[in-house]
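Peer 1: In the working numbering, the protein residues as written are 116 to 347.
Glycine included, each C-beta is placed from N, C-alpha and C at the ideal position.
These figures come from a predicted structure and were not determined experimentally.
I am attaching a structure below and will ask some questions about it afterwards.
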Amino acid sequence: MENVRVALIDSHPIVREGLKALLVPEQGLELIAEGSNLEAAYEAIDKRDAEVILMDLHPLGSRGPAAIRRLREERPQVATVVFTITDNEACLVEALVAGARGYLLKESTGEEITSAVRAAARGRTVQVPREMLLRVLRSLPWVQEPRDGPGRNRARLTRRELEILEHMATGVPYRELADELCLAESTIKKYAHSVIGKLGASCRATAVITAYRLNLLDASSEEAQEPVGHSA
116 MENVRVALID SHPIVREGLK ALLVPEQGLE LIAEGSNLEA AYEAIDKRDA EVILMDLHPL
176 GSRGPAAIRR LREERPQVAT VVFTITDNEA CLVEALVAGA RGYLLKESTG EEITSAVRAA
236 ARGRTVQVPR EMLLRVLRSL PWVQEPRDGP GRNRARLTRR ELEILEHMAT GVPYRELADE
296 LCLAESTIKK YAHSVIGKLG ASCRATAVIT AYRLNLLDAS SEEAQEPVGH SA
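Set out below in structure tokens:
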């Protein structure tokens, strides 16, 4: 199996040195480039075939999400993992919505960092810091409890949609999910689009956050109900 090619983008040399000390001896990972800005990231991708960009967005300020979105659109084969000191819920959500495969704080352990890089290379969404996620779920102003409670929201999703929602939360790519469930990728995307719409979300990331907020992902399969008025 080929090594995962990783590039480090951070404006602080001492941080890059620390990450190099962590990644260089790690089996299965290959540090192929480092730099301090977005241009360095593009050079690493185009000249060294980087697969994962471990990048600090702090120096970019408000341009951070736009940088992630640009990388996703122009170099879709590359996974971006945010590595930052910014413990801010808005930054987390903006990064994931823009297309980041993960969000790591600089206090993360070495094992958390290397695991995140490997997961991103496999196309899976990386776990975000639990405490940050909980704060997001408690504070997002655009997530409102339905008047009839979460049970009503659950009843609006079919059994298959609840199943798809659970997989969406793991970050598995739709292509892999289609193979696992023996369905066409277009069918998986159709179900996912329906889930996103029913939850009033704007994308996969916000749908998952909303589902956690409404306890939909804590529901057992036995609680899944066909929507009212649904006919087979």
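Please state whether DSSP places THR314 in a helix, a strand or coil.
Peer 2: According to the sequence provided, residue 314 is Leu. The question's Thr does not apply to it. LEU314: coil per DSSP, three-state reduction.
Peer 1: To the nearest angstrom, report how far apart VAL121 and ILE160 are at their CA atoms.
Peer 2: Taking the straight line from one Cα to the other gives about 9 Å.
Peer 1: For a minimum of 3 consecutive residues, which ranges assigned as the beta strand (DSSP E) are wholly contained in the region 135-191?
Peer 2: Here the runs fully enclosed are 144-150 and 167-170.
Peer 1: Name the two residues that bound the continuous beta strand (DSSP E) containing VAL197.
Peer 2: Taken as a continuous stretch (DSSP letters only), the beta strand (DSSP E) holding VAL197 covers 194-199.
Peer 1: Go through its chain and collect everything with a Cβ distance to ARG163's Cβ below 8 Å, but skip five positions before and after it.
Peer 2: So the list reads ARG120, ALA122, ILE147 and ALA148, once near-sequence residues are dropped.
Peer 1: May I ask you to report which of helix, strand or coil DSSP gives LEU332?
Peer 2: If DSSP states are grouped into helix, strand and coil, LEU332 belongs with the helices.
Peer 1: Is it the case that the Cβ atoms of ALA284 and LEU332 are separated by a distance below 8 Å?
Peer 2: Yes, they are a contact pair.
Peer 1: Contact defined as beta carbons within less than 8 Å: I believe PRO244 pairs with ALA213. What is the distance between those atoms, to the nearest angstrom?
Peer 2: Not quite, the Cβ-Cβ distance comes to about 18 Å (not below 8 Å), so this is no contact.
Peer 1: Taking C-alpha atoms, which residue in ILE311, GLU141 and PRO128 lies nearest to ILE228?
Peer 2: Among ILE311, GLU141 and PRO128, the Cα nearest to that of ILE228 belongs to GLU141.
Peer 1: So ARG120 is in the beta strand (DSSP E); what residue range does that whole segment cover?
Peer 2: First-last of the beta strand (DSSP E) with ARG120: 119-124.
Peer 1: Roughly how many angstroms separate the alpha carbons of VAL193 and LEU172, rounded to a whole number?
Peer 2: Those two C-alpha atoms are separated by around 16 Å.
Peer 1: Please report how far the alpha carbon of LYS313 lies from the alpha carbon of ARG271, in whole angstroms.
Peer 2: Roughly 7 Å separates the two Cα atoms.
Peer 1: In terms of alpha-carbon separation, which member of VAL287, SER309 and SER230 lies closest to ARG274?
Peer 2: Cα-wise, what sits closest to ARG274 is SER309.
Peer 1: If VAL197 and ALA210 are in contact, beta carbons under 8 Å, what's the gap, nearest whole angstrom?
Peer 2: So it is a contact: roughly 5 Å between Cβ atoms.
Peer 1: Is the beta carbon of THR195 less than 8 Å from the beta carbon of ARG216?
Peer 2: Yes, they are a contact pair.
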